[in-house]
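Here the structure comes first, spelled out in structure tokens, and everything after it is commentary.
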Amino acid sequence: MVDHLLSVQDLETQFKTPEGIVHAVNGVSFDLAEGETLGVVGESGCGKSVTMLSVMRLVQCPPGKIVAGKAMFHGKDLLQLNSEDIRAVRGGQISMVFQDPMTSLNPVMTIGDQLAEPLMLHLNMTKEQANKRSVELLGLVGIPRAEERLKDYPHQYSGGMRQRVMIAMALSCNPQILIADEPTTALDVTIQAQIVELVKRLREELGMAIIWITHDLGVVAGLAQRVIVMYGGFIIEEAEVKELYANPRHPYTLGLIGSLPKIHEESRTKLYSIEGMPPVLYRKPTSCPFAPRCAWVMERCWNENPVLESLNPNHRVACYADTTNGSKHA
Amino acid sequence: MTNTDAIVTVDNLKMHFPIYRGVIRRRVGAVHAVDGVSFQVKKGETLGLVGESGCGKSTTGRTILQLYKPTAGKVYFKDTELTGLKSEQMRLMRREMQMIFQDPYASLNPRMTVRDIIGEPLVSFGIASGKQIDERVADLLKLVRLNPDYIGRYPHEFSGGQRQRIGIARALAMNPSFIVCDEPISALDVSIQAQVVNLLEELQAEFGLTYLFIAHDLSMVRHISDRVAVMYLGIIVELTDRNELYRNPLHPYTQALLSAIPIADPVFSAARRRQVLEGDVPSPVNPPSGCRFRTRCPIAGPICAEKQPEWREVGPNHYVACHKV
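Chains as they are written, first to last, in the working numbering: chain C, 113 to 442; chain A, -14 to 310.
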């Protein structure tokens, strides 16, 4: 356990709403090694973003509440830090890039001022030093004529360039962990490819660990070393990336991979589709959250919620069924 | 220009949106959203139309349905030329041609019940009344695999995938022969996308529908389309059969677009060489001279700045607009 950079244990986060308590994250545990890229995959509402927001203590409280769990980072539990200490970690040692580059920059501040802010705050730089560093940072993320462009406002940048600025800002204090929450979802494919290549290059140059949250199994395949699949606030499968795609075991993961059209496909086959809808989490599930949509469902799945068990050192899955022998009760 | 197996023929269609400035609203320029596209959609096929945001693919779809009045060009539906029709004549034509919209949250009126949403076209064309409407709406709901008991519910009671089914049922209410699907799945979750695509394919087989399928997801377009047209900055740069396009892309933009698709296969992802385009799409207010792709093209030469490349057939049913091919 010592060599883990970040270790999250039994994290539970809930939201109070007028309709009842939403159990968004229901006991999530995972580790992140130094320099590792971890992909977190799942559909909207599966708890992937809330998990990471909880670790960063960015869940708005109320209505949100972290009810249990630990997030160990350098011997400290991030969930227990006081607000001043967590602010020092946030943006400094752990930083975050959000999905929508259009709304996550302040429209009335110049790009230069926004880049300089964390530098002055976390690294105690003077305005002059911060400006100099900002020029370097913009160069690092591939924005030409950096010196002039610092004086521009966000609306003068395109979507892809804004996301580059967000990445520059997140990397400005040399973080050990970069959490990227669907950073390319709002972008076009060719721009998405630019950003993914940029992150790969920066990872090699700077060596930070990355947590990449996405619903796109394609992006993760080309980027991550290990992947976590989430459903209904639980981790349902975790594996090394090649293992996961070659040998998916949970019915949900199988369905997700199967529902993607194959790019090499020459003749048209019907897409595999998972019937039904994602769960609504007003009650903490006591049965398997995927049972209502599962083709392998058994009596036991309705009574107990399976926990993650290791198939081999690189692969954990939370499912009672043996999905490899094809004994599918369709 | 009309062809027997073509249900829709688009001939040099242009759609420019004027830009007005100043106190007297002087016209200072135009957004060249669609700048001369020609293609045919054959009866019973699915033509995929792909491109990045702002390339004019949605505008093309809407202009075909005359939701915008085109700046120039002609659109034929079967043998009727649409751009010259009076509004009442066009209204009647709309029974034959319908649209499914991208955002199932914005395209359904939140104050109308499912009965009113799906039944509205039946009422406005005087096809059914009273009890008949309920029956027809219930049939349509069954068709899109929704429970007919939901007829009195409001849109907020449904999930994204279910709302998209309601949108599809509304489009089917008039028994159309041609449907423009404007990014019908891009707002949906992955597991729901497959459900909706399968439904669209089943309905096509059952009713012999013709689709113009607009999307930016190239792997889904390949799955659903018979032929695919690639758009860039208001023009079509390449058009051919689905397998030919993915096996043998000729236009440098198509090649770049295909190599940018993330592929859910780590072994393949690591092995392939990606061609990453530099920069962003230029503004359609001032498109580049000559070939519009030349500012980002890896193989552009002097001729590309001078002359707009011709639209030509380079192989059987394989059309491309590029000087270098």
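Each residue gets a CB set at the ideal place from its N, CA and C atoms; glycine is no exception.
What does a CB cutoff of less than 7 Å around residue i pick up in its chain, not counting 5 residues either side in sequence?
i, result
"glycine 224 of chain C", "Asn243, Ser246, Leu262 and Lys263"
"valine 129 of chain A", "Arg150, Ile153, Ala154 and Leu184"
"lysine -1 of chain A", "Val19, Asp20, Gly21, Pro55, Thr56, Ala57 and Gly58"
"valine 137 of chain C", "Leu123, Glu124, Thr125, Gly159, Val162, Thr163, Ser166 and Gly345"
"glutamine 121 of chain C", "Ser141, Gly181 and Lys182"
"arginine 279 of chain A", "Pro273, Ala285, Cys289 and Ala290"
"valine 299 of chain A", "Leu235, Val305 and Val310"
"proline 213 of chain C", "Gly271, Arg274, Gln275, Met278 and Ala298"
"threonine -13 of chain A", "Confidence in threonine -13 of chain A is poor, its pLDDT being 46 and thus under 50, which makes the residue's placement too unreliable to answer from."
"arginine 80 of chain A", "Phe110, Met159 and Pro161"
"leucine 243 of chain A", "Leu203, Tyr231 and Pro234"
"glycine 251 of chain C", "Ala258"
"threonine 398 of chain C", "Asn417"
If you measure between the beta carbons of residue i and residue j, is that distance less than 8 Å?
i, j, result
"leucine 42 of chain A", "threonine 195 of chain A", "The sequence shown places lysine at residue 42 of chain A, not leucine. No, they are not a contact pair."
"alanine 158 of chain A", "leucine 126 of chain A", "no"
"glutamate 349 of chain C", "arginine 338 of chain C", "no"
"valine 140 of chain C", "proline 251 of chain A", "no"
"threonine -6 of chain A", "valine 19 of chain A", "no"
"arginine 315 of chain C", "isoleucine 322 of chain C", "yes"
"isoleucine 289 of chain C", "leucine 193 of chain C", "no"
"isoleucine 118 of chain A", "leucine 131 of chain A", "no"
"histidine 327 of chain C", "glutamate 196 of chain C", "no"
"proline 234 of chain A", "cysteine 307 of chain A", "no"
"isoleucine 9 of chain A", "lysine 63 of chain A", "no"
"arginine 148 of chain A", "tyrosine 90 of chain A", "yes"
"threonine 65 of chain A", "methionine 82 of chain A", "no"
"arginine 202 of chain C", "methionine 237 of chain C", "no"
"isoleucine 325 of chain C", "aspartate 300 of chain C", "no"
"proline 3 of chain A", "valine 331 of chain C", "no"
"alanine 190 of chain A", "leucine 329 of chain C", "no"
"threonine 435 of chain C", "proline 363 of chain C", "yes"
"glutamate 186 of chain A", "isoleucine 170 of chain A", "no"
"phenylalanine 198 of chain A", "threonine 31 of chain A", "yes"
Can you give the beta carbon distance from residue i to residue j, rounded, assuming they're within the 8 Å contact cut?
i, j, result
"phenylalanine 253 of chain A", "aspartate 167 of chain A", "About 31 Å separates the two Cβ atoms, so there is no contact after all."
"valine 35 of chain A", "alanine 200 of chain A", "6 Å"
"alanine 156 of chain A", "methionine 84 of chain A", "7 Å"
"serine 204 of chain A", "leucine 335 of chain C", "Not a contact, Cβ separation roughly 17 Å."
"arginine 428 of chain C", "glutamate 421 of chain C", "6 Å"
"alanine 351 of chain C", "asparagine 426 of chain C", "6 Å"
"valine 206 of chain A", "isoleucine 49 of chain A", "The Cβ separation is near 18 Å, so there is no contact."
What residues in its chain sit with their C-beta under 6 Å from that of residue i, if we drop five residues either side in the sequence?
i, result
"glutamine 51 of chain A", "Leu67 and Met75"
"threonine 296 of chain C", "Gln304 and Ile307"
"proline 175 of chain C", "Phe127 and Lys128"
"valine 270 of chain A", "Gly14 and Val16"
"leucine 356 of chain C", "Val339"
"glutamine 240 of chain A", "Pro234"
"histidine 1 of chain A", "Ala15, His17 and Thr56"
"alanine 433 of chain C", "Trp408"
Considering only residues of the same chain and omitting the five flanking positions on each side of residue i, which have a CB-CB separation below 8 Å?
i, result
"leucine 310 of chain C", "Val253, Gly254, Arg276 and Ile279"
"lysine 177 of chain C", "Thr125, Gln126, Phe127, Lys128 and Val171"
"alanine 403 of chain C", "Val409, Cys413 and Trp414"
"valine 179 of chain C", "Glu124, Thr125 and Gln126"
What runs of the beta strand (DSSP E), each 3 residues or longer, lie entirely inside the region 113 to 182 of chain C?
116 to 129, 132 to 145 and 149 to 153
Please list the segments of the alpha helix (DSSP H) lying wholly inside the region 56 to 105 of chain A, counting only runs of 4 or more residues, in order along the chain.
Look at the region 56 to 105 of chain A and you find these whole runs of alpha helix (DSSP H), each 4 residues long or longer: 72 to 78.
Extract the residue ranges of the alpha helix (DSSP H) inside the region 94 to 171 of chain A, only unbroken runs of 4 or more that lie entirely within it.
Considered as a whole, the region 94 to 171 of chain A harbours 99 to 109, 116 to 128 and 145 to 157 as its complete alpha helix (DSSP H) runs of no fewer than 4 residues, in chain order.
Any chance the region 210 to 229 of chain A sits against the region 271 to 285 of chain C, with 3 or more Cβ pairs inside 8 Å?
no
Extract the residue ranges of the beta strand (DSSP E) inside the region 303 to 351 of chain C, only unbroken runs of 3 or more that lie entirely within it.
Counting whole runs of 3 or more residues, the region 303 to 351 of chain C contains the beta strand (DSSP E) stretches 321 to 326 and 338 to 343.
Note down, one range per segment and in chain order, each beta strand (DSSP E) of at least 3 residues found wholly within the region 14 to 51 of chain A.
31 to 35
Mind the definition here: the region 172 to 187 of chain A touches the region 362 to 371 of chain C only if three or more C-beta pairs lie below 8 Å; say whether that holds.
yes
Suppose only complete runs of 4+ residues qualify. What are the alpha helix (DSSP H) ranges in the region 222 to 308 of chain C, listed by chain order?
223 to 234, 239 to 252, 258 to 261 and 271 to 283
Which residue spans inside the region 364 to 438 of chain C form an unbroken alpha helix (DSSP H) run of at least 4?
411 to 415
Kindly provide the ranges of any alpha helix (DSSP H) runs that are 4 or more residues long and lie completely inside the region 249 to 281 of chain A, ordered along the chain.
251 to 256
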